[in-house]
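In this note's numbering, the protein residues as written are 10 to 454.
Every residue gets a Cβ at the ideal spot worked out from N, C-alpha and C, and that includes glycine.
It should be emphasised that the depicted structure is a prediction, and the values quoted were computed from it without experimental measurement.
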Amino acid sequence: MSSLLIVNATVVNEGEKFPADVYCRDGRIEEIGAALTHRQADTVIDAKGKLLMPGMIDGQVHFREPGLTQKGDMATESRAAVAGGITTFMEMPNVNPPTINLQALEDKYVRADGRAAANFAFYLGATNDNLEDIQRLPKNKACGVKIFMGASTGSMLVDNVETLEGIFADAPILVATHCEDTPTILRNEELARQQYGDDVPIAMHPKIRSEEACYLSSSLAVSLAKRFGTKLHVLHLTTAKELELFAPGDVADKQISLEVCVHHLFLSEEDYEAKGNGIKCNPAIKRTEDRAALLAAVNNDVVDVIATDHAPHLAEEKAWPFMQAPAGLPLVQHALPILFELYSDGLLTIETIVEKTSHNVAKRFNVVDRGYIREGYWADLVLIDTERPQLVTADNVLYKCGWSPFEGDSFRTSVDTTIVNGEVVYQYGRSEPMPIVGRRVDFSQ
Ligand code: DOR
Numbered sequence: 010m011s012s013l014l015i016v017n018a019t020v021v022n023e024g025e026k027f028p029a030d031v032y033c034r035d036g037r038i039e040e041i042g043a044a045l046t047h048r049q050a051d052t053v054i055d056a057k058g059k060l061l062m063p064g065m066i067d068g069q070v071h072f073r074e075p076g077l078t079q080k081g082d083m084a085t086e087s088r089a090a091v092a093g094g095i096t097t098f099m100e101m102p103n104v105n106p107p108t109i110n111l112q113a114l115e116d117k118y119v120r121a122d123g124r125a126a127a128n129f130a131f132y133l134g135a136t137n138d139n140l141e142d143i144q145r146l147p148k149n150k151a152c153g154v155k156i157f158m159g160a161s162t163g164s165m166l167v168d169n170v171e172t173l174e175g176i177f178a179d180a181p182i183l184v185a186t187h188c189e190d191t192p193t194i195l196r197n198e199e200l201a202r203q204q205y206g207d208d209v210p211i212a213m214h215p216k217i218r219s220e221e222a223c224y225l226s227s228s229l230a231v232s233l234a235k236r237f238g239t240k241l242h243v244l245h246l247t248t249a250k251e252l253e254l255f256a257p258g259d260v261a262d263k264q265i266s267l268e269v270c271v272h273h274l275f276l277s278e279e280d281y282e283a284k285g286n287g288i289k290c291n292p293a294i295k296r297t298e299d300r301a302a303l304l305a306a307v308n309n310d311v312v313d314v315i316a317t318d319h320a321p322h323l324a325e326e327k328a329w330p331f332m333q334a335p336a337g338l339p340l341v342q343h344a345l346p347i348l349f350e351l352y353s354d355g356l357l358t359i360e361t362i363v364e365k366t367s368h369n370v371a372k373r374f375n376v377v378d379r380g381y382i383r384e385g386y387w388a389d390l391v392l393i394d395t396e397r398p399q400l401v402t403a404d405n406v407l408y409k410c411g412w413s414p415f416e417g418d419s420f421r422t423s424v425d426t427t428i429v430n431g432e433v434v435y436q437y438g439r440s441e442p443m444p445i446v447g448r449r450v451d452f453s454q
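Encoded structure:
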């Protein structure tokens, strides 16, 4: 194992911002101090005042392996993730075959080992008939149990009420829900078809996957969690109305926690015209008022976690008519730069970005020794350059699908360096092959 010294950094950690050097050895942070230049290290990085933050722990990604690897795989998408400052990912079960039992879960860990550039954990997926697999799940095998309480990519809808009650009553670990009411969506789709025939415009997406559909489902999830005492994490909330269901506070004290995604904070329905199916996703990007309410909820601690829901699809699939085009957008490479756009616009502080993308994810999922810049913790770090703008082009996206909905957009901030388990895995402009050092994440309960 190697040693690494980062000097002249501006550390952002646990609500504070201060100049420091950080010395890492054998994968972990050994010392954080004022002047550590006496330390001998194999690699020395002069941060020249750049921000040093704990790497993002992305609590929701779709890396498409096994079975959908034409769209993405663990190797390609994790490389894009570390280029975006993500050092740990938690990956979703809607692959082929779906991750709905212990064997499929273990298969994913084997696939990631030696191929994932970032640290990894996987969700066990719920179905209408795998309650026993969920009940028997050993605690350290998965980051959570994922329930699609609304149909999305794949066919993993759980709509049997008794099954839902069983999962909420018995899941041995955190339950994470996708909340959209499918019967409401199907009715809205039918109305849109009656109005527009085969040519429904993308502008109808937030009206089909409506506020009502979201609210019906998220209120059901919250009421089930209250009834059964479930540790519930509601994924990618999109509407102001649903925020009523959640309380502010420290995530450590919450039974029910809340995630929003980068694209729902950054975009609104005004962006459909320019970006089209490229930003079609479930739940849909909604109104500017919803976006403003989500941002306020991040700032007042109703929202605990910011994730990406990275969901690559092929460019040719996205070129299909709106109703046929798959939902989801690739995001991991640009999530932190997008959040820094919100910082530059005065909408989020850097401390809040760090709390929601790293500390709180570690807290909520009981991740062991990651998510903070602390002595003894794994050295999962990102250096951010707020003075180096970047233009997103088809040539510089690293996703296997080869496109981004942000092509042609400029961000004011770039990821300069990403460190995973004490190894420099990504440096801006460096062309050598990326070291692959991702490890399985440990959970304390
Ligand atoms: O837009 C989405 N895409 N939402 C999801 O829930 C699934 C995801 C995917 O896997 O494509």
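Best match in the options for proximity to residue i [C-alpha to C-alpha]
i, options, result
"Thr426", "Lys26, Ile41, Thr46, Met65", "Met65"
"Leu348", "Gly411, Gly285, Val271, Arg296", "Val271"
"Lys372", "Ile38, Val314, Ser87, Phe131", "Val314"
"Glu220", "Ser353, Asp299, Asn405", "Asp299"
"Asn375", "Ile211, Asp262, Gly36, Leu200", "Asp262"
"Gly134", "Met99, Arg196, Asp35", "Met99"
"Leu183", "Ser419, Val370, Arg383", "Val370"
"Gln333", "Glu115, Ala344, Asp207, Asn110", "Asp207"
"Ala151", "Ala125, Ala185, Arg124", "Ala185"
"Gly287", "Asn308, Pro398, His322", "His322"
"Gly68", "Ala180, Phe331, Ala344", "Ala344"
"Ala212", "Phe331, Ser227, Thr239, Gln203", "Phe331"
"Val406", "Ala56, Leu340, Leu304, Asp122", "Leu340"
"Tyr281", "Ser87, Ile41, Pro414", "Pro414"
"Gly238", "Gly411, Ala180, Lys295", "Ala180"
Unbroken alpha helix (DSSP H) run spanning residue i, endpoints
i, result
"Met83", "83–92"
"His187", "Element bounds for His187: not the alpha helix (DSSP H) but the beta strand (DSSP E), 184–187."
"Val429", "No alpha helix (DSSP H) holds Val429; the beta strand (DSSP E) holding it covers 423–429."
"Asn197", "191–205"
"Tyr352", "344–353"
"Asn128", "No alpha helix (DSSP H) holds Asn128; the beta strand (DSSP E) holding it covers 128–131."
"Glu115", "111–121"
"Arg236", "220–237"
"Gly175", "170–179"
"Tyr281", "281–284"
"Lys327", "324–327"
Cβ shell of residue i (< 6 angstroms), same chain only, five flanking positions each side left out
i, result
"Ser266", "His242, Val260, Asp313, Arg373"
"Phe452", "Asn149, Asn375"
"Thr96", "Gly64, Ala127, Asp389, Val429"
"Ile54", "Ile15"
"Arg439", "none"
"Ala125", "Met83, Ser87, Gly447"
"Ala50", "Ser12, Leu13, Leu14"
Beta-carbon contacts of residue i that lie in its chain and below 7 angstroms, excluding the five residues immediately before and after
i, result
"Gly163", "Asn103, Pro107"
"Lys59", "Ala18, Thr19, Leu392, Ile393, Asp394, Asp425"
"Val167", "Ala135, Thr136, Asn137, Ile156, Phe157, Met158, Leu173"
"Ile176", "Ala135, Leu140, Ile143, Val154, Ile156, Val184"
"Glu74", "Asp82, Met83, Val104, Arg120"
"Arg383", "Ile38"
"Pro257", "Asn309, Asp310, Val311"
"Cys456", "Because the chain is modelled from 10 through 454, residue 456 falls outside the range shown and cannot be assessed."
"Ile198", "The sequence shown places Glu at residue 198, rather than the Ile named in the question. Counting only Cβ-Cβ distances below 7 angstroms, and skipping sequence neighbours, we find Ile217."
Outcome for residue i when other beta-carbon atoms lying within 10 angstroms are tallied against a minimum of 16
i, result
"Gly24", "exposed"
"Asn291", "buried"
"Tyr205", "exposed"
"Asn169", "exposed"
"Val231", "buried"
"Thr402", "exposed"
"Thr317", "buried"
"Ala43", "exposed"
"Phe157", "buried"
"His214", "buried"
"His195", "Note on identity: in this sequence residue 195 is Leu, with His being the wrong assignment. Leu195 comes out exposed."
"Val21", "buried"
"Trp387", "buried"
"Thr297", "exposed"
"Ala56", "buried"
"Arg236", "exposed"
"Phe72", "buried"
Element boundaries [beta strand (DSSP E), containing residue i]
i, result
"Lys26", "25–34"
"Asp310", "Looking at the DSSP string, Asp310 is not in any beta strand (DSSP E), and its letter there is neither H nor E."
"Thr52", "52–55"
"Leu241", "241–243"
"Phe98", "95–100"
Proximal residues to residue i (C-beta, below 8 angstroms), its chain only, five neighbours per side dropped
i, result
"Leu45", "Leu14, Val16, Asp30, Val31, Tyr32"
"Leu77", "Val104, Asn105"
"Ser423", "Pro346, Ile393, Asp394, Arg397, Pro398, Gln399, Tyr437"
"Glu350", "Phe275, Phe420, Arg421, Thr422"
"Gln342", "Ala89, Ala90, Ala92, Gly93, Val406, Leu407, Tyr408, Ser413"
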